[in-house]
Each structure stands twice: as C-alpha cells, then as structure tokens.
Amino acid sequence: MTRISNTVINELISRTNIVDLINQRVPLKRQGNNFVACCPFHTEKHPSFTVNIEKQFYYCFSCGSHGNVIDFLMHYDRLTFLEAIKELSIMHGISIEKNPNVCEHNNYRKNNLYQLMNKLCAYYKSVLTQKEYLYAYKYLKNRGLNTKTIDDFNIGFAPPRWNNIIQKFSLTLYDQKLLDQAGMLISNNTKKYKYDRFRDRLMFPIRDIAGRIVAFGGRVITQKKIPKYLNSPDTEIFKKSQHLYGLYEARMKHKNLSCILLVEGYIDVITLTQFGINYAVAALGTSTTDNHIRLLYSITDQIICCYDGDYAGKKAAWRTLNTALPYLTDERQIHFAFLPHGEDPDTLIRKIGKDNFLKKLTQTQDLSNFLFETLSKKTNLQTLSGRVKLSSLILPILKKIPGQTLKLCLLQQLGNKIGILDDNKLSQLLTKKPITYANKINRCCINNNIGRVLVGLLIQNPRLSKLVPSIQGLEQLKQDDIVMFIDLIQICKTYPISTSAQLLEHYRGNKFFSKLESLAYWNHLITNDMIEITFIDALTKLYNLTLEKRQELLIAHDRTFGLTTQERQELWLLNQTLSKH
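First residue of the sequence shown? That's 1 in full-length UniProt numbering, and the numbers climb one at a time after it.
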C-alpha cells in the first residue's frame, strides 16, 4: 500500500470531531469545557475518561489511556493504524490512495480472504468425522473432549495429502494467491506449484476480536512429526503478537470478564472451557507481548498467569511480569499460578476436578509476592551489600509502574526488607537528585527547562506559534527540546490552523513522539490567562541564551584570532543588549 501523506492524515483528523466519534461508542457528558465518561478501556465506577474538544484529545486520569481519533479507533475498535485511517477516509469520503480504486480493492481482497478462511474451517471440520480419518476424532475423544466442545471450537483435521485445498475447492489463481498470502498454501521455488502448509494435523481456527477466522493452529497427533504445533505465519489479517486464542469465545460467554486466565496451549483453553472455566486464553506460540497485555487490560482488570512451576515456567512468568509493568495502574492486578512440575491445566484439571483446580487458583502469588520472592533469591538480606543489591534490583522496576498507590505499597515492602521505615527516605530512593556541581551543567538544565516549557505550551496551544517572530539562530542550541521547538514552529507555519492532535500525529513513529505525547498531557498548572505571558517570557529567555552563545563564541574567537571591525561592533551590541536583561 502507498504511504499515506501527512497532508491526508491532517485532513482526516481536522474533519473528525473526536467528541462525536467517541460519543457514538461511549456516551459522553459535558463537564465544563470537557466531556467525561467511564473509561472504556478499564472497569471503573466513577468517570475519569476526559475528552477535550479544543485539543481533539482523550485522556483517562485513572489508567492513562490517551490519544487522538486515530488512537481511539485503534484501541476501541481494535484496528491497526492503517485500518483506522481507512475508517476515517470512508467516513469523510476522502481517498487515501493515489489510485482511488486501490482502497476498494483492498477491502474486496480482505473480504474474500475471510470467506476463504471460513470455507477452510468448514472443510477441516467435515474431514474430522470422515471414516477415513476417524483416528483424529478418536484422538480428541481420548483426550477427554466431548462432541459439544469440539463443535464449539470448530476443531477440524487437515488430511495428510499435499494438495487437499486446491483439489477440494478448484480455486482460481486469484484465490490461490490470497491463500498463499494468508499462509495456508506454500509456493515451491518456481512458484508454479502450491501445496498445503497444514497436513495430517488437528486444526484449531484462530479468531480475531470480531470473531473472524484469521489463522489456524495445527497439532500433530503422533510424536514423530516436528514441530508438534504449527501456527499460520504473520499475514495481512493475522499477527501472532496481537491475537489470543480463545479470547473471542470467552467474550461471547461473558458480558463482563472479572478476570482472564492466561495459559500456554490450545488444548488447555479448550479443556478448561469444557470444565466450566470459560475465561481462559492462550498466546499463539510466542511470549506474552505488550499488545497482549494491552488487549487483556482493555477487557478486564485482573490477569491470572498459569505456568508450569519449573524453571522455564518461572522464567516465562518473569518475562510476562516485565511486559505488564507499564500497564499496572492501581485498579489492575496480575497474579501468578504455578502448577506442579510436569502438569499443565489440561492434565491437572482432569486429575483433581474443577473445584480443586479453582482452589489452586486462589493460592496464586500476587505481584508483590512473586516480585520479592524472585529477587530475594538473588541476594543475601542478612548482609548490608545484599540489602543494597535488592534495592538496586527493585527500584528500576517500581519506576515503570504507573499506579501510585501500588508503587507506594511495594516501596514500603522494600523498606521493611532493607530496614528503611521512613516514608520520606523511601520516596527519595525513587527520585534522582539534580546535578548541581558545575555552572555548565546548571545552565544546560536551565536550557532544557525552557525548552520543555516552550514545547509543552506549544503542543497544547498551537496558536502560540504566531507569537514567535523568528527562529533564526536558535539552531545553535543543540538540546533536543530546542530542536523539537524549532521543528514544531516550522510545522505550525506550514499548517497554520493545526490542532494539538494534528501536531502530534506528525511525529508518530518519530524519535520525539513519546516525549511530545507526554507533554501534550502535561499538567503545567498555568492558568489560561497566564499561558501567553509565560510563553513569551520563556521565549525571551531562549533568545537571550542564543545571544549569550554568540557572545561566548565571539569572545573565544577574539582571544585566539582577534575580531574584525564588524565582529567587534556585533560584540558591543550583544553586550549592550544582554546588560539590559
């Protein structure tokens, strides 16, 4: 697909009223200059989700979810960036392609692909009960799955032959190409012959959050074949890092999920569901990713990770914990259940039954227990150096957690273990002291503070760009904030009526995006009537710093080489100007 220009994205954002778009999905109520609602991305009783019509932003003060109309569509409707752009383009009748027919063609191709995947699912399901392949059906029965469960999860079987799909469906070359792109067919080296990716395997259809079949997982029923599990590759409609097996089925059974059980395999999800624990999901042959955690916490506030109790299970749990840290607000929880060595949920629940399995889940380790138990094994708390080491291991982890109460509780627990009980001293551990040992460093910090104020106020109030008479000479100040400020001014001059949301969208994927995004929601505590005055004051200081920089350069040049008459006159003027300030 052709890269979408910033001009088109700007146009789409400017034409979309974020309040109207969100209100169609989440009822909003006006509160002063903003609109509020209970956050759609986490469970809450009191509204903390705010939409600002002037800045065209939304922000949740509880879970931290934020963004513009594109971000909202991506997170609420579970769309990719390009899909969100397409949604807006259809809404406003704006073509995002150089060729107007391309967008329509892409949608047509995807719809065809979804239909083909449904046909394959029905085909594999019908094969499972054919007399010739009853050994596959008996395998499932021997694993304890009943007919209803097999039907509910649409489990099927791919015959051992190499060209079942093409023979069965008499596919056109176009459909063959689609299935090739979807990873269901594989081309040989000459690309003239295609064969089935999945052969002689049980087939588990994988659905997206909307219930569409986007991929398959295949499992061998004999131990001779390697690998044991084979998943569809990443394609246009399927990304392993963004999908969870069983999530669609769990959501269909529960309007509100109080918790979700994260397990490791297809059969685990299916067996637990058959036993009535129908809120289990599994990652698809990959470690738990940021996308998985974001997706789960958009549906529930509690995740229970169920792993084997051996070293590999503990290691997987630690990886998941580190991935989840940036999403742990005070309302969210994560627990870890470790099963006896050699057991998985499928085998254990059959041995001990549903009630005893649920009792096991009540004996989980919460974040605190798992965190301190794991790290305490790496230190000797009986020694001073061991307590210091524990502190150095825990503090970087705590800094990643957004939940302030959760962070404080963990910090107090750390204090109990290392012998620091004073809350003020504990809080100082999380705060780096400013460096004050050199005037040069102080001055650099001052420059950065000025840049932060200017960038923060400008990204929130693009109209302030009209107050900047010139950016000439500012480029000699090399700090990132000043570079961002110059760039923002240039964009504002190019697009004079930009909103905050449009400005921020220019930087998506840029190295400055993360910092600009945080400044876009920065609570600077400056009253509206003082914003312009503060901006002009900071701008004046910035200009003075530029003059000082030039003054220092001329003085240094004079000492080494001497100055021309023109340069001496410039230095004199600089001295006069700076003396007034």
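Where is the CB? At the ideal position from N, CA and C, for every residue including glycine.
Own chain residues within Cβ distance below 6 Å of V8, not counting five before or after: By 1-based counting over the sequence shown, the position of residue 8 is 8. If we look at V8 and ignore the five residues flanking it on each side, its Cβ neighbours are I96.
Going by beta carbon distance, what residues of the same chain come within less than 8 Å of T546, once the five residues before and after it are set aside? Counted from its first residue, the sequence shown places residue 546 at position 546. G473, L474, Q476 and L477.
For Y58, list the residues DSSP reports as bridge partners. Taking the first residue of the sequence shown as position 1, residue 58 is located at position 58. Beta-bridge pairing links Y58 to V51 and G67.
Less than 7 Å between the beta carbons of R350 and G144, yes or no? Taking the first residue of the sequence shown as 1, we reach residue 350 at position 350. Taking the first residue of the sequence shown as 1, we reach residue 144 at position 144. The answer is yes: Cβ separation under 7 Å.
Whole-angstrom distance between K119 and R207, CA atom to CA atom: If you number the sequence shown from 1, residue 207 lands on position 207. If you number the sequence shown from 1, residue 119 lands on position 119. Cα to Cα, the separation comes out at about 14 Å.
Rounded to whole angstroms, what's the CA-CA distance from A250 to L272? Just pull it up for me. Here residue 250 corresponds to residue number 250 of the sequence shown, with the count starting at 1. Here residue 272 corresponds to residue number 272 of the sequence shown, with the count starting at 1. Near 11 Å, if we compare the C-alpha coordinates of L272 and A250.
Beta-carbon contacts of L247 that lie in its chain and below 6 Å, excluding the five residues immediately before and after: Counting from 1 along the sequence shown, the entry for residue 247 is found at position 247. Closer than 6 Å at Cβ, skipping near neighbours: V281.
Quick one, which of L21, E54, Q56 and C60 has its alpha-carbon nearest C39's? What you label residue 39 is simply residue 39 of the sequence shown in a count that begins at 1. Per the Cα distances, C60.
Taking the CB atoms as reference points, tell me whether D301 and T43 lie closer together than 7 Å. As a working note, residue 301 is residue 301 in the sequence shown. As a working note, residue 43 is residue 43 in the sequence shown. For D301 and T43, yes; Cβs fall inside 7 Å.
Thinking C-beta only, is Y195 closer than 7 Å to N163? By one-based count along the sequence shown, residue 163 stands at place 163. By one-based count along the sequence shown, residue 195 stands at place 195. Contact: yes.
Spatial distance of K399 from T560 (CA atoms): Taking the first residue of the sequence shown as position 1, residue 399 is located at position 399. Taking the first residue of the sequence shown as position 1, residue 560 is located at position 560. Taking the straight line joining both Cα atoms gives about 48 Å.
Since L262 is in the beta strand (DSSP E), which residue starts that stretch and which ends it? In the sequence shown, the residue the question calls residue 262 occupies position 262. Segment I260 to V263, the beta strand (DSSP E) holding L262.
Could you say if the stretch 481-492 and the stretch 457-469 meet the contact criterion of at least three C-beta pairs nearer than 8 Å? yes
Measure the CB-CB distance between R319 and S287 and report whether it falls below 7 Å. Working through the sequence shown from its first residue, we reach residue 319 at position 319. Working through the sequence shown from its first residue, we reach residue 287 at position 287. The answer is yes: Cβ separation under 7 Å.
Could you give the first and the last residue of the continuous beta strand (DSSP E) run that contains H254? Reading the sequence shown from its first residue, position 254 is the one you call residue 254. Premise fails: H254 is in no beta strand (DSSP E) and is neither H nor E.
When you compare only the Cα positions, how much space is there between Q31 and L178? By 1-based counting over the sequence shown, the position of residue 31 is 31. By 1-based counting over the sequence shown, the position of residue 178 is 178. Cα to Cα, the separation comes out at about 50 Å.
Would you say K407 touches the ligand GDP, meaning its beta carbon is less than 6 Å from a heavy atom? You won't find the ligand GDP in this model; it holds no ligand whatsoever.
Just grab the DSSP bridge partners of V36 for me. The residue you call residue 36 lines up with position 36 of the sequence shown. Per DSSP, K29 and T50.
Whole alpha helix (DSSP H) elements within the stretch 281-325, 4-residue minimum: 290-297 and 311-324
S151 - DSSP class collapsed to helix/strand/coil: Start at 1 with the first residue of the sequence shown, and residue 151 comes out as number 151. In the sequence on display, residue 151 carries Asp and not Ser. Helix at D151.
CB contact flag (L542, I450, <7 Å): By 1-based counting over the sequence shown, the position of residue 542 is 542. By 1-based counting over the sequence shown, the position of residue 450 is 450. Yes, Cβ-Cβ distance for L542 and I450 is below 7 Å.
Is the separation between the beta-carbon of I352 and that of I303 shorter than 7 Å? Here residue 352 refers to the residue found at position 352 when the sequence shown is read from its first residue. Here residue 303 refers to the residue found at position 303 when the sequence shown is read from its first residue. No. Outside cutoff.
Span of the alpha helix (DSSP H), counted from its first residue to its last, around S391: Looking up residue 391 in the sequence shown gives position 391. It spans L384 to K399 - the alpha helix (DSSP H) in which S391 sits, taken as one unbroken run.
Whole runs of the alpha helix (DSSP H) within the stretch 151-211, excluding any shorter than 4 residues: 164-169 and 173-181
Please classify L257 as buried or exposed, where buried requires at least 16 neighbouring CB atoms within 10 angstroms. Walking along the sequence shown from the start, residue 257 turns up at place 257. It is buried - the Cβ of L257 has at least 16 other Cβ atoms within 10 Å.
So L116 and G156 are in contact, right, with Cβ under 8 Å, and what is the actual spacing, rounded? Position 116 of the sequence shown, counted from the start, is the residue given in the question as residue 116. Position 156 of the sequence shown, counted from the start, is the residue given in the question as residue 156. With 8 Å as the limit, L116 and G156 do not qualify as a contact, their Cβ atoms being about 15 Å apart.
For E567, which residues in the same chain have their Cβ closer than 7 Å to its Cβ, ignoring the five residues on either side in sequence? Within the sequence shown, residue 567 is the residue found at index 567, counting from 1. Here the set comprises L554.
Any idea which residues DSSP pairs F336 with across the strands? The residue labelled residue 336 in the question sits at position 336 within the sequence shown. According to DSSP, F336 bridges with C305 and Q365.
Out of V269, P469 and L88, point me to the one whose CA is closest to F153's CA. The sequence position of residue 153 within the sequence shown is 153, counting from 1. Among V269, P469 and L88, the Cα nearest to that of F153 belongs to V269.
Between which residues of its own chain and G276 is the CB-CB distance below 7 Å, once the five residues before and five after are set aside? For the purposes of this step, residue 276 is taken as the residue at position 276 of the sequence shown. Once the five neighbours on either side are set aside, the close Cβ partners of G276 are K354.
So, under 8 Å CB-CB, A538 and V453 are touching, yes? Tell me the CB distance rounded to an integer number of Å. Within the sequence shown, numbered from 1, the residue matching residue 538 stands at position 538. Within the sequence shown, numbered from 1, the residue matching residue 453 stands at position 453. So it is a contact: roughly 5 Å between Cβ atoms.
As a quick exercise: from F49, I401 and V388, pick the residue whose alpha carbon is nearest that of L28. Within the sequence shown, the letter at position 28 stands for residue 28. It is F49.
Grouping DSSP H, G and I as helix and E and B as strand, with all else coil, what is I277? Counting from 1 along the sequence shown, the entry for residue 277 is found at position 277. Coil, per DSSP.
For T436, which of helix, strand or coil comes out of DSSP? As a first step, residue 436 is located in the sequence shown; it is residue number 436 there, counting from the start. Since pLDDT at T436 reaches only 36, below the 50 mark, its modelled position is unreliable, and the value read off the structure follows with that caveat. Coil at T436, not helix or strand.
Name the DSSP bridge partner or partners of L230? Numbered from its first residue, the sequence shown carries residue 230 at position 230. L230 pairs with G218.
When DSSP builds the beta bridges, which residues end up paired with L244? One-based indexing of the sequence shown puts residue 244 at position 244. Answer is A283, bridged to L244.
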